Amino acid sequence: MSKALFDALDEAGFGSNVHEVASEGECRVLKLEDASGEGFMTMYRVFDGIYLMYNDFHLKSCISEYQNAETVLCIDHCREGRIEHENAFGGRYYMEAGDLRIDRRVHHAGRVEMPLSHYHGISIGFLQKDAQAALRRELPFLNTDLQMLAERLCPDNKELLLRTNEPLNALFHQLYHAPKQIRLDYFRVKIAELLLILGTFDNTQHTEQRQYYPVSQTDKVKEIHGLVTERLDKTFTVEELAEIAGMPPASLRKVFKAVYGAPVYQYIKSYKMKAAAAVLIS
Numbered sequence: 055m056s057k058a059l060f061d062a063l064d065e066a067g068f069g070s071n072v073h074e075v076a077s078e079g080e081c082r083v084l085k086l087e088d089a090s091g092e093g094f095m096t097m098y099r100v101f102d103g104i105y106l107m108y109n110d111f112h113l114k115s116c117i118s119e120y121q122n123a124e125t126v127l128c129i130d131h132c133r134e135g136r137i138e139h140e141n142a143f144g145g146r147y148y149m150e151a152g153d154l155r156i157d158r159r160v161h162h163a164g165r166v167e168m169p170l171s172h173y174h175g176i177s178i179g180f181l182q183k184d185a186q187a188a189l190r191r192e193l194p195f196l197n198t199d200l201q202m203l204a205e206r207l208c209p210d211n212k213e214l215l216l217r218t219n220e221p222l223n224a225l226f227h228q229l230y231h232a233p234k235q236i237r238l239d240y241f242r243v244k245i246a247e248l249l250l251i252l253g254t255f256d257n258t259q260h261t262e263q264r265q266y267y268p269v270s271q272t273d274k275v276k277e278i279h280g281l282v283t284e285r286l287d288k289t290f291t292v293e294e295l296a297e298i299a300g301m302p303p304a305s306l307r308k309v310f311k312a313v314y315g316a317p318v319y320q321y322i323k324s325y326k327m328k329a330a331a332a333v334l335i336s
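Plus 54 on top of the position in the sequence shown (first one is 1) and you've got this note's numbering.
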């Protein structure tokens with residue numbers, strides 16, 4: 055097994071809260087631990103400098119210390135759950151099921167939150183040093199220039215957020231069900247397909263404008279979430295919650311749904327039902 059890819063990632067450093075728990079052949083499993091829970095990252099070396107990683111997290115938040123200048127391009131797909139990131143300009147954005155993010159891992163370090171306490175997805179990364187050479191050697195028919203592709207999709211190192219893109223969602227859906235017997239070869243075929251799609255990708259035709267939310271607003275909404283989930287015996291109106299938060303009711307509704315993926319009343323009703331079910335089970 056070539057360890058060049060894993061060595062390069064280790065040199066970049068995943069962080070003090072991440073450690074390896076298993077390794078076999080072209081696969082390694084990393085565990086992230088935090089006071090609020092844990093997560094596992096199952097990483098496969100597909101080609102030199104190219105990895106595919108399954109992410110399974112069950113926690114509320116964690117600190118990411120990973121910021122790799124060697125990453126020329128990374129594609130993240132959310133299968134289930136919800137994850138919050140903060141960009142370089144102080145705005146927060148949210149990925150939900152079916153969303154994709156393409157970035158260069160320049161602004162990856164920092165606090166990451168999972169409003170629903172879980173997140174599942176796939177990350178595919180291309181490292182500057184070896185990925186381009188591997189593509190020329192293994193997939194010469196692609197004629198893909200990773201640096202040019204990254205500059206086109208992520209100008210000025212900004213992330214590209216995509217919502218419900220059918221061709222890419224179909225590709226990632228297949229990756230979640232990769233046949234075990236031919237897993238690595240299957241990954242290689244899908245990497246080629248991914249690069250073919252991205253090579254003809256038109257940002258203006260295939261993106262839906264994603265909303266960024268100020269830290270001040272999302273923090274207030276999280277305080278409101280804490281209040282209503284701690285006081286399940288009390289019924290609050292949106293107007294009451296908005297007054298407590300110091301926000302217009304319309305803004306509270308909008309930001310709450312962005313953070314937690316559901317309208318205020320619907321979320322609280324679902325939360326109460328789950329809490330009651332948990333009490334009955336126990």
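All C-beta atoms, glycine included, are put in the ideal place defined by N, C-alpha and C.
For clarity, every value in this text was computed on a predicted model and none was experimentally measured.
Rounded straight-line distance, which links the Cα of residue j to that of residue i
i: Y325; j: V282; result: 10 Å
i: Q320; j: Y173; result: 21 Å
i: K85; j: H112; result: 11 Å
i: T272; j: Y147; result: 10 Å
i: A76; j: H231; result: 22 Å
i: T291; j: L170; result: 22 Å
i: S177; j: S270; result: 29 Å
i: P303; j: E205; result: 40 Å
i: A142; j: K234; result: 39 Å
i: G179; j: D88; result: 24 Å
i: L106; j: V100; result: 7 Å
i: M19; j: R158; result: A query on residue 19 cannot be resolved here, the shown segment of the chain reaching from 55 to 336 and no further.
i: N257; j: A332; result: 45 Å
i: I251; j: L295; result: 45 Å
i: L214; j: L207; result: 7 Å
For residue i, the residue or residues it bridges with in DSSP
i: P268; result: G145
i: L249; result: For L249, which the question treats as bridged, DSSP gives no partner whatsoever.
i: H174; result: D110 and E134
i: V166; result: C116
i: I278; result: Its beta-bridge partners do not exist; DSSP assigns none.
i: F47; result: No answer is possible for residue 47: it lies beyond the span of the chain, which begins at 55 and ends at 336.
i: R155; result: D130 and L215
i: E140; result: R146
Terminal residues of the alpha helix (DSSP H) in which residue i lies
i: V333; result: V318 to I335
i: S115; result: Per DSSP, S115 belongs to no alpha helix (DSSP H); it is in the beta strand (DSSP E), S115 to S118.
i: F226; result: E220 to Y230
i: K311; result: P303 to Y314
i: E294; result: V292 to A299
i: E205; result: L200 to L207
Residue i: first and last residue of the uninterrupted beta strand (DSSP E) it sits in
i: I236; result: I236 -> no beta strand (DSSP E), and no H or E assigned at all.
i: A76; result: V72 to E78
i: R190; result: No beta strand (DSSP E) contains R190, which is instead part of the alpha helix (DSSP H) from A185 to E192.
i: F87; result: The sequence as given places Glu at residue 87; Phe does not occur at that position. Segment C81 to D88, the beta strand (DSSP E) holding E87.
i: R159; result: Per DSSP, R159 belongs to no beta strand (DSSP E) and is neither H nor E.
Cβ-based neighbour list, residue i, same chain, cut-off 6 Å, excluding 5 preceding and 5 following
i: G145; result: Y266
i: V275; result: V309, F310 and V313
Cut-off 8 Å between Cβ atoms - residues of its own chain near residue i, not counting five sequence neighbours on either side
i: L334; result: none
i: L286; result: Y325, K326 and A329
i: A299; result: K274, V275, E277, I278 and L306
Nearest-angstrom Cβ-Cβ length linking residue i and residue j, presumed shorter than 8 Å
i: D110; j: G91; result: Their Cβ separation, rounded to whole angstroms, is 11 Å, which puts D110 and G91 out of contact at 8 Å.
i: V166; j: E134; result: Their Cβ separation, rounded to whole angstroms, is 16 Å, which puts V166 and E134 out of contact at 8 Å.
i: E150; j: G253; result: Not really, about 27 Å apart at Cβ, beyond 8 Å.
Cutoff 7 Å; reference residue i; Cβ partners in own chain excluding five residues on either side
i: M55; result: Bear in mind that the predicted position of M55 carries a pLDDT of just 40, short of 50, making it too unreliable to give a figure here.
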